[in-house]
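I have placed the structure first, in the form of structure tokens, so that the comments after it can refer back to it.
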Ligand code: 0O2
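Numbering (our numbering), first residue to last: 5 to 243.
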């Protein structure tokens, strides 16, 4: 009897705690939304940083194409994380929902994706961008040399870049993902096929295996393409 009363009591305490946590989270979100201007301003700064970063890569592409008669960049795309995704990530990482904590704790709010024909283009662009004196490397994850368990490959750089405002210079972080066309094809399809799909566990595992197989094929494709390029380049140089 006493045990069941205690049990019910602790359940109701847990329920109260959960409701309080929910209430606090709602209040924090409300505060963040009501501080709409600082958050809007931060997002505008990220948009500017994203534009600056895109331009840097476009300039490198233009200049390289002049000297090498081909483009090292196939495409560039950008995205800003939505507020919902920012809040979700902040919650997952235990980051307080304040504008300052979000800026200091989430580095991929602005993202630029650069797709290259060949793997060597990725590392050439990496060293070109890092040699620019207004760029600082904050973090690097080389999922090409060390692919993720899923098979995902790309080079991720968190770069700090200045934006020049009316009366100040502000340093902003941008995540740059560099990939080959094969890596991009795999990542886009894998994301579309697996993301938020409610698959039975055995089917999910089976599909993961197949996607890993595709990743290995894609990797081989990149190797062969690079080899064909390097070989044909040798003949071109001899002409
Ligand atoms: P979106 O819409 O591309 O922005 P976290 O963000 O915490 O999950 P972390 O450690 O901050 O991860 O960064 P990580 O894992 O180095 O890189 C995250 C981003 O890389 C993802 O962003 C994807 O763009 C991409 N990525 C990483 N792993 C995979 C994968 O297995 N498959 C695919 N298709 N993409 C991957 P977001 O925020 O998840 O999405």
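Ideal placement from N, C-alpha and C gives every residue a C-beta, glycine not left out.
From a predicted model like this one, the values you see are computed outputs, not experimental measurements.
In the displayed model, residue 136 falls within coil according to three-state DSSP, outside both helix and strand. Straight-line measurement puts the Cα of residue 109 at about 13 Å from the Cα of residue 178. In terms of Cβ geometry, residue 84 and residue 50 form a close pair [threshold 9 Å]. Within the region 163-190, the complete beta strand (DSSP E) segments of 3 residues or longer fall at 173-184, listed in chain order. Cβ contact annotation for residue 148 (same chain, cutoff 6 Å, sequence separation greater than five): 157, 159, in chain order. In the DSSP annotation of this structure, the continuous segment of the beta strand (DSSP E) that includes residue 115 starts and ends at 114-120.
In the DSSP assignment, the residues bridged to residue 80 are 118.
Short note on residue 112: C-beta closer than 8 Å to some heavy atom of the ligand 0O2. Pairing residue 52 with residue 80, the inter-Cα distance amounts to about 16 Å. Remark: the C-beta of residue 147 is in contact range of the ligand 0O2, defined as less than 8 Å to any heavy atom.
Note that the region 199-207 does not touch the region 169-177; fewer than 3 beta-carbon pairs, one per stretch, sit closer than 8 Å. Beta-bridge partners assigned by DSSP to residue 159: 146, 182.
Remark: C-beta atoms of residue 125 and residue 166 do not approach each other more closely than 9 Å. Residue 114 is not a Cβ neighbour of residue 105, given a cutoff of 9 Å.
Closer than 8 Å to some heavy atom of the ligand 0O2: that describes the Cβ of residue 156. Taken from the Cβ of residue 177, every heavy atom of the ligand 0O2 lies 8 Å or farther away. With respect to residue 230, residue 68 sits apart: the two C-beta atoms are not nearer than 9 Å. Taking 4 residues as the minimum length, the region 193-237 contains no alpha helix (DSSP H) run wholly inside it.
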